[in-house]
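All residue numbers for the sequence shown refer to the working numbering, where the first residue is 1 and numbers rise by one. Virtual Cβ for every residue (Gly too), placed ideally from N, Cα, C. The next block holds one structure in the form of structure tokens; read it before the comments.
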Amino acid sequence: MPGNTSNRAEEAYLEARAACRAVELSLDATETQKAKARAASAAMWAAYSQGTLDSFSARSDLLRKLIGALDGVIATIKGGQTGGLLGGLNTAVSSINKLLREEDEKNGG
1 MPGNTSNRAE EAYLEARAAC RAVELSLDAT ETQKAKARAA SAAMWAAYSQ GTLDSFSARS
61 DLLRKLIGAL DGVIATIKGG QTGGLLGGLN TAVSSINKLL REEDEKNGG
């Protein structure tokens with residue numbers, strides 16, 4: 001992910017939302033899985049809209065909340081017939097985890 005850390009955190013948020021949206025729109029996802037994806041999207045929006053991404057602590061907090069929301073959707077999908085959706089969700093979590101590690105290293109965390 002090129003760019004400054006604020007832009008990268010925003011890109012991570014957008015990637016996470018897109019992964020949840022794929023679940024919401026999937027013909028294979030159950031209503032429970034879709035509801036979990038909608039709830040995760042709402043939680044991610046709440047975290048994203050709470051402030052600026054200019055500070056390390058704000059970015060780290062957002063990234064941790066994104067990971068938590070996505071992990072909840074992943075847990076719901078693992079047992080179902082929608083394994084194809086896991087790729088997008090896992091990719092989002094992996095890229096967010098990578099960004100969080102880079103942020104921690106850069107800021108002495």
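What's the gap between the Cα of residue 74 and the Cα of residue 40?
11 angstroms
Inter-stretch contact at 8 angstroms, needing at least 3 Cβ pairs: the segment 91-108 / the segment 27-43
no
Taking C-beta to C-beta, are residue 11 and residue 56 nearer than 8 angstroms?
no
Contacts around residue 17, its chain only, beta-carbon distance under 8 angstroms, and the 5 residues preceding and following it disregarded
41, 44, 45
Please report how far the alpha carbon of residue 59 lies from the alpha carbon of residue 15, in whole angstroms.
15 angstroms
Residues near residue 100 by beta carbon distance below 8 angstroms, same chain, minus five either side:
60, 63, 64, 67
Secondary structure of residue 68, DSSP reduced to three states
helix
Got a sec, what are the start and stop residues for the alpha helix (DSSP H) residue 115 sits in?
The displayed coordinates of the chain run from 1 to 109. Any statement about residue 115 would go beyond what the structure contains.
Please state whether the Cβ-Cβ distance between residue 6 and residue 54 is less than 8 angstroms.
yes
Helix or strand or just coil, what does DSSP make of residue 33?
helix
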